[in-house]
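The sequence shown begins at -8 in the numbering used here and counts up by one.
No residue lacks a Cβ here, since even glycine has one placed at the ideal position from N, Cα and C.
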Amino acid sequence: MNEDIYELVCMSFAHHLGYLSFDDFLEKVICFEANLETDSARFLLNDGQNSYLKDKNDAPLLYSQLTEKLLSAWQPQDGEKSATVFFDIATLKAANANGKKFLYGDFSCIENGVRLHKQLSCKLSQKDGNLHGTFFVFDTTEHTVRTASLTRRAEYDLLTELYNRNAADFYIQEYFNSWPEEESAIVLIDVDDFRNFNDRFGHHIGDIIMKDTAKNLINHLGNNSILGRNGGDEFIALLKDRNAHEVLDEIKKFSECCKAVEHEGKTYKYTLSIGYALYPEHGIVYHDLAKKANQAVLSVKSAGKNNVQQFKERENDE
-8 MNEDIYELVC MSFAHHLGYL SFDDFLEKVI CFEANLETDS ARFLLNDGQN SYLKDKNDAP
52 LLYSQLTEKL LSAWQPQDGE KSATVFFDIA TLKAANANGK KFLYGDFSCI ENGVRLHKQL
112 SCKLSQKDGN LHGTFFVFDT TEHTVRTASL TRRAEYDLLT ELYNRNAADF YIQEYFNSWP
172 EEESAIVLID VDDFRNFNDR FGHHIGDIIM KDTAKNLINH LGNNSILGRN GGDEFIALLK
232 DRNAHEVLDE IKKFSECCKA VEHEGKTYKY TLSIGYALYP EHGIVYHDLA KKANQAVLSV
292 KSAGKNNVQQ FKERENDE
């Protein structure tokens, strides 16, 4: 492969990560080579920027000292793995003996009180009869945060901060595929007369009601559940690992919570029509259960709204 192709690949990689140039990207990394037999190390990039990794005489640290300084600066978050094993000489020698020449890992840590994400990679090679490792440490925090932000914008309803319809559908279906033996329930919640409410008081009041409904959903049904806004005035919830009695008890408590919002000294009351279908009692196919839950909602509305109803088989008769 010629140098032009290498340069093109490097530039494309840098631009993909949001850097203006490959040199700009390299300024964000620590790269060093170590002789794992003699415990020596030398920097390959940004030698001047890594002064904190040198001793007081400005001499390169031993490999063991260098990695100890790095690890002491990177405090693992609760429940997160440490990077210690990545730099362990015995582990690296074992990997090399097993024919593994490239090692890679991601981990999160706290450095100077800031949560960061690190990407570590190492290439092992034999030189002059000694095992060497070339180490590359990249701070992926900006990229990780940017990716998480894009994912959130793609999956969440901006008004209520619940899953949007596509995301809720995906995660509910994924749950049914992964836990087919567990009892659960699909619940649909509809704000009564919401269009008339918007026309009478304005969309800003409607938005406040949407947020309040979402807040109450999280507070009363959010434990071990998937919550989403289907759009408009309709919400959906998957209550995981609940039997019929537990489902009804939780839904009733939710339906009885305060349904009123305050704005500029005025109180606006609203009601909800709620229908639900049980898995596997009423079916094992997600969209079939959602359809049955919706039929239960329509039954509530036809009976005067502001109530809760479980799907009944006769409601499916044509």
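Beta-carbon separation of N215 and D232 under 8 angstroms?
yes
Test item: CB-CB of F302 and G266 under 8 angstroms:
yes
Less than 8 angstroms between the C-beta atoms of T75 and L107, yes or no?
no
Could you compute how far the alpha carbon of L153 sits from the alpha carbon of A205?
7 angstroms
Can you give the Cα-Cα distance for T77 and T258, rounded to whole angstroms?
As written in the sequence, residue 77 is Phe, which differs from the Thr given in the question. Their backbone Cα atoms lie some 59 angstroms apart in a straight line.
Return the residue from the list L218, N234, I180, K91 that minimises the CA-CA distance to Y261.
I180
Hey, which unbroken runs of the alpha helix (DSSP H) at 4 residues or more fall wholly within the region 104 to 162?
132 to 146
Thinking E174 and Y270 are a contact (beta carbons under 8 angstroms), I'd like their distance in whole angstroms, please.
7 angstroms
Do the CB positions of F185 and G193 come within less than 8 angstroms of each other?
no
Separation of C248 from I200, as counted between CA atoms
14 angstroms
With respect to 7 angstroms, is the separation between the Cβ of Y147 and the closest non-hydrogen atom of the ligand COA below this value?
Summarising the ligand content, the structure contains no ligands, and the ligand COA is consequently not present.
Does the Cβ-Cβ distance between I177 and A281 come in under 8 angstroms?
yes
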